[in-house]
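So that you can map any letter, position 24 of the sequence shown is 178 in the numbering used here, and since no number is skipped, the others follow by simple counting.
In this text, a Cβ means the ideal position worked out from N, Cα and C, and glycines have one as well.
Nothing here was measured: the structure is a model prediction, and the numbers come from that model.
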Amino acid sequence: MDIQEKIKAIEEQIENALNEIKSSKSLFELRMRFLGKTGEISALMKNMRDLPPEQRPSLGKVLNSLRQWTEEKFDRLEKGIKELELKKKYADEKIDVTIPGHRYPDGAYHPNTLIRNELVSIFAGMGFEIFEGPEIENDYYNFTALNTPKDHPARDMQDTFYLAEDLLLRTQTSAGQIRVMENKKPPIKILSPGKVYRSDDDATHSPMFSQMEGLVVDKGITLCDLKGMLDEFARKIFGESVKTRLRPSYFPFTEPSVEVDVSCFECGGKGCRLCKGTGWIEVLGAGMVNRRVLEGCGIDPDEYTGFAFGMGIERIAMLKYGINNMKLLFEGDTRFLRQFKG
Ligand code: PHE
């Protein structure tokens, strides 16, 4: 085949192949096939070396114009294909920013969490540190070290879930007091939130509920310090005009022991349904740490004194938010829970 025929054949091949091309990728492959370093046109050019020198210029001209013609063809087609491809890409990626988004319902903190956070921030402001003890306790921490040995009648105050002879679900966060005092020398100022368990179940009691325990031990701590701190707590949580009063009570691990009432924040003390006409609402138990408890933890009761208090978080939440059935706090019904926003 002479060179003119070869050129013609290549031109035809190119025309035919270009008609088939649909994407810039295959166009590129085709370009390499003819115009690449090892492509067909380059191969023809290399062949020129074998010709006698006088024939080279005229053939060079012909091949150069073939290459130019081919490049122009490819360039033109490439421009068209790229434009089409870009248009398609824009169409595919089109986003309608006016379509309304999906709405996810707002979450809300559980009332227990709201009260716990509020208590933590009130007491943290007074310098208390958080301590969290285990929910599974042994008899010693939950009872014996709290001056409630076996056969002590006060054990009946709390119906206990036993897991084994010596293992139980703690009935009170007071168990944490012992763990702290065993490990830390005074001054001690801790706040201990957590779940507790008692075999008890009605509108105001649940087998599992939450408590917040406080413990302060240092030189010269008196009942006045407890009262002053409780006044501050009551004002912050129930309102500025709320007062507290102490009534004598009994807990084995405190002496004296008190029950703490706050003046009714609903009626201001005149008497209403919430305070059952008395003007006062009971909110927590407290007292001066019994010297036997201090001694048992290796703290000298002649040198140090302390107070402790414990409150039910659900009870505070029920009072503050006017919830009349404790079960609502455990059912997880979002229609109920959504009403509480921090
Ligand atoms: N632990 C007691 C209870 O659960 C409350 C309490 C704590 C009382 C600390 C006095 C001091 O009822």
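Alpha-carbon to alpha-carbon, residue j and residue i
i      : j      : result
Met336 : Cys451 : According to the sequence shown, residue 336 is Glu rather than Met. Distance between the alpha carbons of Glu336 and Cys451 is about 5 Å.
Leu438 : Phe297 : 19 Å
Ala107 : Glu247 : The structure shown does not extend to residue 107, since the chain is modelled only from 155 through 496, so no value can be given for it.
Gly368 : Asp356 : 27 Å
Thr192 : Ile253 : 53 Å
Phe277 : Arg445 : 25 Å
Val371 : Phe282 : 12 Å
Phe228 : Tyr258 : 53 Å
Ile284 : Gln365 : 13 Å
Met465 : His359 : 13 Å
Asp156 : Leu240 : 43 Å
Asn478 : Asp456 : 45 Å
Leu231 : His256 : 44 Å
Glu183 : Pro206 : 34 Å
Met480 : Ala440 : 23 Å
Thr302 : Lys338 : 22 Å
Ala299 : Ala329 : 8 Å
His306 : Asp260 : 50 Å
Tyr404 : Asp379 : 19 Å
Glu165 : Ser177 : 21 Å
Arg333 : Tyr295 : 7 Å
Val447 : Lys343 : 16 Å
Leu189 : Glu226 : 12 Å
Met383 : Met311 : 27 Å
Ile375 : Met442 : 9 Å
Leu482 : Arg492 : 12 Å
Lys179 : Lys200 : 27 Å
Asp204 : Ala163 : 21 Å
Asp320 : Arg309 : 14 Å
Thr314 : Asp354 : 9 Å
Leu317 : Glu449 : 29 Å
Pro262 : Ala462 : Per the sequence presented here, residue 262 reads as Ala, with Pro not at that position. One C-alpha to the other measures close to 32 Å.
Glu174 : Asp250 : 35 Å
Gly279 : Leu268 : 17 Å
Leu181 : Lys242 : 17 Å
Glu413 : Gly431 : 18 Å
Ser212 : Glu159 : 15 Å
Glu169 : Leu238 : 20 Å
Thr488 : Gly234 : 59 Å
Thr408 : Lys381 : 15 Å
Lys390 : Lys304 : 39 Å
Asp385 : Gly486 : 33 Å
Ala245 : Glu208 : 57 Å
Thr224 : Gln167 : 11 Å
DSSP beta-bridge partners of residue i
i      : result
Phe297 : Answer is none; Phe297 lacks a bridge partner.
Tyr351 : Met362
Met465 : Met366 and Leu438
Ser346 : Glu367
Asp356 : His359
Asp372 : Thr459
Own chain partners of residue i with C-beta closer than 7 Å, once the 5 adjacent residues on each side are dropped
i      : result
Phe419 : Phe392, Gly393 and Val396
Phe387 : Ile276
Arg187 : Gly193 and Glu194
Met362 : Lys349 and Tyr351
Gly214 : Met202
Val216 : Ile161
Phe484 : Ser360
Arg399 : Asp415 and Trp434
Phe490 : Leu482
Arg185 : Phe228
Neighbourhood of residue i by C-beta, 6 Å cutoff - its chain only, sequence neighbours within 5 removed
i      : result
Cys429 : Cys418 and Ile435
Arg210 : Met202
Sequence-distant residues of the same chain with beta carbon closer than 8 Å to residue i, five excluded per side
i      : result
Pro340 : Val371, Asp372, Lys373, Ile453, Tyr458 and Gly460
Tyr475 : Pro265 and Phe494
Pro410 : Leu377, Pro402, Gly441 and Met442
Pro406 : Leu300, Asn301, Thr302, His306, Ala308 and Asn444
Glu286 : Gly330, Ser346, Pro347 and Gly348
Lys236 : Ser178
Residue-level contact to chain B via CB, residue i, 8 Å cutoff
i      : result
Glu169 : The structure shown contains no chain B; it holds only a single protein chain.
heavy atom of the ligand ATP below 7 Å from residue i C-beta
i      : result
Phe463 : The ligand ATP is absent from the structure shown, which contains only the ligand PHE.
For the segment 281-299 against the segment 318-327, do three or more pairs of beta-carbon atoms, one drawn from each stretch, fall closer than 8 Å, so that the two count as touching?
With a cut-off of 8 Å, the segment 318-327 and the segment 281-299 count as touching, because enough Cβ pairs lie within range.
On the three-pair Cβ rule with 8 Å, is the segment 268-278 touching the segment 466-476?
Cβ pair count under 8 Å is three or more, so yes.
Across the segment 418-437 and the segment 328-347, are there enough close Cβ pairs to call them in contact, namely three or more that are closer than 8 Å?
The segment 418-437 is not in contact with the segment 328-347.
Please list the segments of the beta strand (DSSP E) lying wholly inside the segment 391-463, counting only runs of 3 or more residues, in order along the chain.
Fully enclosed beta strand (DSSP E) runs of no fewer than 3 residues occupy 398-405, 408-417 and 434-443 of the segment 391-463, in order along the chain.
Runs of 3 residues minimum, wholly inside the segment 255-334: which ones carry the beta strand (DSSP E) assignment?
Qualifying beta strand (DSSP E) stretches, in chain order: 290-292 and 321-323.
Is it true that the segment 214-229 meets the segment 193-200, where meeting means three or more beta-carbon pairs spaced less than 8 Å apart?
Short answer: they touch.
Mind listing, in chain order, the continuous alpha helix (DSSP H) runs of no fewer than 4 residues lying wholly within the segment 170-210?
Correct list: 178-189 and 194-201.
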